[in-house]
């Protein structure tokens, strides 16, 4: 058993792909016998993130982060995000000569540029490259993402694939959208400018367009597109029932590093339509489980002809247990003389 400290600025009650991935990771590590402690904003006084008040960030986390790491003395330290909690752990490790790993989940430079166009994307990546460059390894979800980051000055990259809970996300007989004209094209996720959701809203499609999710752009976009069915946030089996009722999941984002919602849709037997960009290209077998096309409307219409059973079988290949094993293999001992040593499983006494 190993003691692993996970530091993240994305945690419950936030609802997003990073929280989903980290929650599944912690559950699998616990199941495998590791002891994991999560340091997250909920342990501190928080303030709302500017322009996105639903997300709260730790106000002054360094003393609390330092105290917890010093008291617990973890075998391995993983910094999952680049926010206040992540930066506090980064500073503590730097000051005390501790080794650690990081992971890259979100293309924040593009997100910030979408909200604040005067901030150059290149500057954001220089800052992030320095942050992650201090780690023994930075975990990324796909090889294309690794190539993308190397071109922007990142190094010591290792793959950490994600998974999907195929017991929760499964095809369910559902009549929740039975009153809507078919086919039903669904967008699911955070309703925010950086998700490029307007590309979906502007499509001329037959049947019905449905949005499941919430976010800062929800009020303005729902008023601007009254013909779209805005269902708000859905959770648990209610989410699965709605997703299963769709004929196609349309994923308009060009910046997601993976897109867990793609796997969740496929696990429910729903084909997907997306742009041929970094995240979807690693999840979707175009022509089998979805369609990738620079013309998102053409992709959505073509996806209607695909087989839901094939989508389900493909999703079953993505396991959170395998994801957690890969994550653990990438960890490094917090106290060591050399760099990039692997934290191996310890033998139990007897």
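Residue numbers (my numbering): 738 to 1087.
Cβ coordinates follow ideal geometry from the N, Cα and C atoms, glycine included.
Computed from a predicted structure; not experimentally measured.
{"query": "Rounded separation between residue 980 and residue 810 - CA only", "result": "43 Å"}
{"query": "Minimum C-alpha distance to residue 923 - residue among 943, 1059, 932 and 949", "result": "949"}
{"query": "The stretch 924-940 contacting the stretch 1028-1042, beta-carbon criterion three pairs below 8 Å", "result": "yes"}
{"query": "Sequence-distant residues of its chain with Cβ nearer than 6 Å to residue 1024 (five each side left out)", "result": "none"}
{"query": "Cβ-Cβ separation, residue 821 to residue 746 (assumed contact under 8 Å), whole Å", "result": "6 Å"}
{"query": "Beta-carbon contacts of residue 765 that lie in its chain and below 6 Å, excluding the five residues immediately before and after", "result": "1057, 1058 and 1061"}
{"query": "Simplified DSSP state of residue 917, which is helix, strand or coil", "result": "coil"}
{"query": "DSSP-derived helix/strand/coil call for residue 831", "result": "helix"}
{"query": "Per DSSP, cross-strand counterpart(s) of residue 1050", "result": "Residue 1050 is not bridged to any residue."}
{"query": "Cβ contact check for the stretch 985-1005 and the stretch 961-972: 3 or more pairs under 8 Å", "result": "no"}
{"query": "For residue 1015, the three-state DSSP class (helix, strand or coil)", "result": "helix"}
{"query": "Proximity test, Cβ basis, 8 Å: residue 947 and chain E", "result": "Here chain E cannot be found, since the structure has a single protein chain."}
{"query": "With 16 other Cβ atoms within 10 Å as the buried cut-off, status of residue 882", "result": "buried"}
{"query": "Selection from 887, 818, 973 and 844 that minimises the alpha carbon distance to residue 778", "result": "818"}
{"query": "Same chain, Cβ closer than 6 Å to residue 915, neighbours up to 5 away in sequence not counted", "result": "none"}
{"query": "Any non-hydrogen atom of the ligand FMN within 7 Å of residue 742 CB", "result": "Among the components modelled here there is no ligand, and therefore nothing to report on the ligand FMN."}
{"query": "At least 3 beta-carbon pairs within less than 8 Å: the stretch 900-914 vs the stretch 999-1006", "result": "yes"}
{"query": "Between the CA atoms of residue 1018 and residue 717 - distance to the nearest angstrom", "result": "No statement about residue 717 is possible, as the shown extent of the chain runs from 738 to 1087 and does not include it."}
{"query": "Of the listed residues 825, 944 and 1053, nearest to residue 921 (C-alpha basis)", "result": "944"}
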